[in-house]
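K.L.:
Before we start, here is the structure in question, set down as structure tokens.
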Amino acid sequence: MAAMAPGGSGSGGGGVNPFLSDSDEDDDEVATSEERRAGLRLGSGGGLDPGSADSLSPQDPVALGSSARPGLPGESAAAAVALGCSGETSTRLSIDAIAAQLLRDQYLLTALELHTELLESGRELPRLRDYFSNPGNFERQSGTPPGIGAPGLLGAVGVGGAGGREPSTTSGGGQLMTRFPRPMSPLQDVATIIGSREQLAVLLQLYDYQLEHEGTTGWESLLWVVNQLLPQLIEIVGKINVTSTACVHEFSRFFWRLCRTFGKIFTNTKVKPQFQEILRLSEENIDSSARNGVLTKATVPIYATGVLTCYIQEEDRKLLVGFLEDVMTLLSLSHAPLDSLKASFVELGANPAYHELLLTVLWYGVVHTSALVRCTAARMFELLVKGVNETLVAQRVVPALITLSSDPEISVRIATIPAFGTIMETVIQRELLERVKMQLASFLEDPQYQDQYALHTEIIKTFGRVGPNAEPRFRDEFVLPHLHKLALVNNLQIVDSKRLDIATHLFEAYSALSCCFISEDLMVNHFLPGLRCLRTDMEHLSPEHEVILSSMIKECEQKVENKTVQEPQGSMSIAASLVSEDTKTKFLNKMGQLTTSGAMLANVFQRKK
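Residues 14 to 622 in the working numbering are what the sequence shown spells out, letter by letter.
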């Protein structure tokens, strides 16, 4: 069994490479093993100093279960020495007593070796079997060398020592199922390869202690991971297209698994510093690091979701929150694309455990002094709304959006519109929908927004996106009448570029809504009049759109006039009204020639509620 532990005669308590064999131990350790073994006391009050020459070192290869190893006594001799050479206790009881003392003083490598050799010889001590089969005995207290601890607490400070260390979630036997990848077969199980879960748990203790106190000095294989593998992986990550959701997701999973496998100490001391050196989050580097630099790359979401989410202690969550807040601030202040931040929110938002954390980040943006950051926060709410439960939407999201919708900067108010629209599309609580409807109505009906071209554009785009999936009552009573009004107002626009832009967005919105069932009353009073206003704009600005609109209007008018008995009373479908095969062909051909959004045009052929 490989051994690595602090202490030993005349040493300062440094770590030993766990991959050294027993034959590689110092000659002094073997020479003094008899003396140390004689110093083992079985009384509960006899606490030993693990670092002294009179204590039983966990580095000693004490083969208590075998008399064949050179230089070591057999079972009877070891028992006699440990019991003060009384010679009156049976060999079985003597070994059991020695095992009890080994466990009490936390010399687990020696106890594990005794347990293994007894099993190999066909014998077993219930005390050792019960101890090593209980994963709870391997919940290590970080910062303390294994092999030095209070009874029953592997890694505590020792007999009579103080506690107060934070428990590690990565090195105990109970964490083996999450630390290593799930094996495809037992032969790929790390515990099977090592020999047992008990041995693996102890080796993980030793590995973490080595990293914490000795680092990677002299450890060539681990130095290769730190100095070659990690830098190359991070370089590859920086070249990934941040909009490639699949790539970002898979690399995030890869780094999460890598950090879990190598442990929290390795992650904190080797992985995070390399990412942080590249990211360099500071406001002095706004232009260089954000606009054209690494903050716009996939490095941001992969670091956030693949590295910073590996562990769940409070300080880890605070680090993740601070990182996302810094990224949001720097990207906003530098007017850089927000794709990397959006990718981070999409990945994290897929897990409900991070919804509160993301809302905390966004609230930081809501109350930020910069309007640019507040505007970014408003836009990020749109991504979060779809996955958050309605309670959080009502208690955290809507109040934040209402706050932003009264912001002194008009750009911030406009940025809230897509999020409000997404709420109308996904939420079913009547009271919540009414609050959002009132806010959108204030944007459309307040005289101060009468000439706000950017606001009208955002509302039309939002209506086209969410209208087909929104509640029918909201669509009938709110969306269609206001689209009609916006089309009327656009006829009076004197700037051709703005008029064409609004008309194009209106065309996309009407195309998306044409798949919905609309009552005859709404058809006559709002839908057809809105299409006619839109056709008036397109006659002068975009003839190719005008041809499609004329076909739509003609077929809708015919459908209204020639309503058949088979048609459901009081409702009709515009999409179903395009019955002429020639008209369908012409419509599809013209649609394919346009430069309108493919996603929006696709909605025309979806059947909605």
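Note that the Cβ used here is the ideal one computed from N, Cα and C, for glycine as well. A quick note: this is a predicted structure, and the numbers were derived from the prediction, not measured.
Could you check where the beta strand (DSSP E) with F530 kicks off and where it finishes?
P.N.:
Taking the sequence shown and counting its residues from 1, one reaches residue 530 at position 517. That run of the beta strand (DSSP E) goes F530 to S532.
K.L.:
So the alpha helix (DSSP H) S357 belongs to, where does it begin and stop?
P.N.:
Translated into the one-based positions of the sequence shown, residue 357 becomes position 344. S357 -> alpha helix (DSSP H) spans D352 to G362.
K.L.:
Skipping 5 residues on each side, what residues in its chain have a beta carbon closer than 7 Å to that of S510?
P.N.:
One-based indexing of the sequence shown puts residue 510 at position 497. Nothing listed; no residue qualifies.
K.L.:
Secondary structure at E447, three-state DSSP: helix, strand or coil?
P.N.:
As a first step, residue 447 is located in the sequence shown; it is residue number 434 there, counting from the start. If DSSP states are grouped into helix, strand and coil, E447 belongs with the helices.
K.L.:
Take the Cβ of N281 as the centre, count every other Cβ of all protein chains shown within 10 Å, and call the residue buried at 16 or more, exposed below.
P.N.:
As a position in the sequence shown, residue 281 is number 268, starting the count at 1. N281 comes out buried.
K.L.:
Measure the C-alpha to C-alpha separation of F433 and Q408 and round it to an integer number of angstroms.
P.N.:
Here residue 433 corresponds to residue number 420 of the sequence shown, with the count starting at 1. Here residue 408 corresponds to residue number 395 of the sequence shown, with the count starting at 1. So the two alpha carbons sit approximately 14 Å from each other.
K.L.:
For the pair the stretch 382–400 and the stretch 334–345, tell me if three or more CB-CB distances fall below 8 Å.
P.N.:
Touching, per the Cβ criterion.
K.L.:
Are three or more beta carbon pairs between the stretch 462–476 and the stretch 426–441 nearer than 8 Å?
P.N.:
Counting Cβ pairs under 8 Å, three or more are found: they touch.
K.L.:
Output the distance between the C-alpha atoms of L361 and A311, rounded to the nearest integer angstrom.
P.N.:
Counting from 1 along the sequence shown, the entry for residue 361 is found at position 348. Counting from 1 along the sequence shown, the entry for residue 311 is found at position 298. Going from the Cα of L361 to the Cα of A311 covers about 14 Å.
K.L.:
Mind checking N503: buried by the 16 CB within 10 Å criterion, or exposed?
P.N.:
Position 490 of the sequence shown holds residue 503. Buried, since its Cβ has 16 or more Cβ neighbours within 10 Å.
K.L.:
Using a Cβ-Cβ cut-off of 6 Å (strictly less than) and excluding sequence neighbours within five positions of R426, which residues of its own chain qualify?
P.N.:
Reading the sequence shown from its first residue, position 413 is the one you call residue 426. Same-chain partners within the cutoff: S418 and D420.
K.L.:
According to DSSP, is E88 part of a helix, a strand, or is it coil?
P.N.:
Working through the sequence shown from its first residue, we reach residue 88 at position 75. Unreliable positioning characterises E88 in this predicted model, as indicated by a pLDDT of 38, which lies under 50. A coordinate reading is not provided.
K.L.:
Assuming L526 and L499 are in contact, meaning their beta carbons sit under 8 Å apart, how far apart are those beta carbons, in whole angstroms?
P.N.:
Counting from one through the sequence shown, the residue named residue 526 turns up at place 513. Counting from one through the sequence shown, the residue named residue 499 turns up at place 486. Actually they are not in contact, since the Cβ atoms of L526 and L499 sit about 13 Å apart, beyond 8 Å.
K.L.:
Could you check where the alpha helix (DSSP H) with Y377 kicks off and where it finishes?
P.N.:
On the sequence shown, position 364 is the one that residue 377 refers to. Y377 -> alpha helix (DSSP H) spans H368 to V379.
K.L.:
If you draw a straight line from the alpha carbon of G208 to that of T129, how long is it in whole angstroms?
P.N.:
As a first step, residue 208 must be located in the sequence shown, where it is residue number 195. As a first step, residue 129 must be located in the sequence shown, where it is residue number 116. Approximately 10 Å between the Cα atoms of the pair.
K.L.:
Where L446 and K252 are concerned, what is the direct C-alpha to C-alpha distance, given to the nearest angstrom?
P.N.:
Start at 1 with the first residue of the sequence shown, and residue 446 comes out as number 433. Start at 1 with the first residue of the sequence shown, and residue 252 comes out as number 239. Straight through space, the alpha carbons of K252 and L446 are spaced by roughly 42 Å.
K.L.:
Can you tell me which of the three DSSP states W232 falls into?
P.N.:
Counting from 1 along the sequence shown, the entry for residue 232 is found at position 219. In the structure shown, W232 adopts coil according to DSSP, grouped into three states.
K.L.:
Could you pull the start and end residues of the alpha helix (DSSP H) that E225 belongs to?
P.N.:
Residue numbering aside, residue 225 sits at position 212 when the sequence shown is read from its first letter. Segment R210 to H226, the alpha helix (DSSP H) holding E225.
K.L.:
Cβ of T309 within 8 Å of Cβ of S353?
P.N.:
For the purposes of this step, residue 309 is taken as the residue at position 296 of the sequence shown. For the purposes of this step, residue 353 is taken as the residue at position 340 of the sequence shown. The answer is yes: Cβ separation under 8 Å.
K.L.:
Less than 8 Å between the beta carbons of P460 and C529, yes or no?
P.N.:
Taking the sequence shown and counting its residues from 1, one reaches residue 460 at position 447. Taking the sequence shown and counting its residues from 1, one reaches residue 529 at position 516. Cβ atoms of P460 and C529: not closer than 8 Å.
K.L.:
Quick one: what does DSSP say G186 is sitting in, helix, strand or coil?
P.N.:
Here residue 186 refers to the residue found at position 173 when the sequence shown is read from its first residue. Any reading at G186 must be qualified, since the residue scores a pLDDT of 42, below 50, and its modelled position is unreliable; no value is offered.
K.L.:
What alpha helix (DSSP H) runs, 4 residues minimum, are completely inside the stretch 531–560?
P.N.:
541–554, all fully within the stretch 531–560.
K.L.:
Give a yes or no on whether the C-beta atoms belonging to V374 and V411 are separated by under 8 Å.
P.N.:
Position 361 of the sequence shown, counted from the first residue, corresponds to residue 374. Position 398 of the sequence shown, counted from the first residue, corresponds to residue 411. Contact flag unset, no.
K.L.:
Just to confirm my understanding: we take T416, look at its own chain, exclude 5 residues before and 5 after, and list those with CB closer than 8 Å. What are they?
P.N.:
Working through the sequence shown from its first residue, we reach residue 416 at position 403. Contacts found: V379.
K.L.:
In whole angstroms, give me the CA-to-CA distance for E211 and T205.
P.N.:
By 1-based counting over the sequence shown, the position of residue 211 is 198. By 1-based counting over the sequence shown, the position of residue 205 is 192. Their Cα atoms are separated by approximately 11 Å.
K.L.:
Rounding to the nearest angstrom, what Cα-Cα distance links E533 and M451 in this structure?
P.N.:
Within the sequence shown, numbered from 1, the residue matching residue 533 stands at position 520. Within the sequence shown, numbered from 1, the residue matching residue 451 stands at position 438. About 26 Å.
K.L.:
V255 and A356: beta carbons closer than 8 Å?
P.N.:
Counting from one through the sequence shown, the residue named residue 255 turns up at place 242. Counting from one through the sequence shown, the residue named residue 356 turns up at place 343. Yes, the pair counts as a contact, with Cβ atoms nearer than the cut-off.
K.L.:
Identify which residue in S146, M437 and Q241 has its Cα closest to the Cα of L125.
P.N.:
For the purposes of this step, residue 125 is identified with residue 112 of the sequence shown, where counting begins at 1. Among S146, M437 and Q241, the Cα nearest to that of L125 belongs to S146.
K.L.:
Under 8 Å: do the stretch 310–325 and the stretch 265–275 share three or more Cβ pairs, one atom per stretch?
P.N.:
As far as the Cβ criterion goes, the stretch 310–325 touches the stretch 265–275, which means the pair count is three or higher.
K.L.:
Who are the near neighbours of V239 in its chain, counting only those whose CB is closer than 7 Å to its CB and skipping five residues on each side?
P.N.:
For the purposes of this step, residue 239 is taken as residue 226 along the sequence shown, with counting starting at 1. For V239, where only same-chain residues beyond five positions count, the Cβ hits under 7 Å are T229 and K283.
K.L.:
Do you know offhand how far R488's Cα is from L535's?
P.N.:
Sequence index remark: in the sequence shown, residue 488 carries index 475 (1-based). Sequence index remark: in the sequence shown, residue 535 carries index 522 (1-based). Approximately 11 Å, taken between the alpha carbons.
K.L.:
At which residue ranges does the stretch 267–354 contain complete beta strand (DSSP E) runs of 3 or more residues, listed in the order of the chain?
P.N.:
none
K.L.:
Given a cut-off of 8 Å, decide if Y367 and E338 are closer than it, judged by their beta-carbon atoms.
P.N.:
To locate residue 338, count along the sequence shown from 1; it is residue 325. To locate residue 367, count along the sequence shown from 1; it is residue 354. It is not a contact, given that the beta carbons lie outside the stated cut-off.
K.L.:
Pick helix, strand or coil for F456, following the three-state DSSP scheme.
P.N.:
The count along the sequence shown starts at 1 and reaches residue 456 at position 443. Here F456 sits in helix by DSSP.
K.L.:
For M197, count the other beta carbons within 10 Å of its own beta carbon; 16 or more makes it buried, fewer makes it exposed. Which is it?
P.N.:
Sequence index remark: in the sequence shown, residue 197 carries index 184 (1-based). M197 should be labelled exposed.
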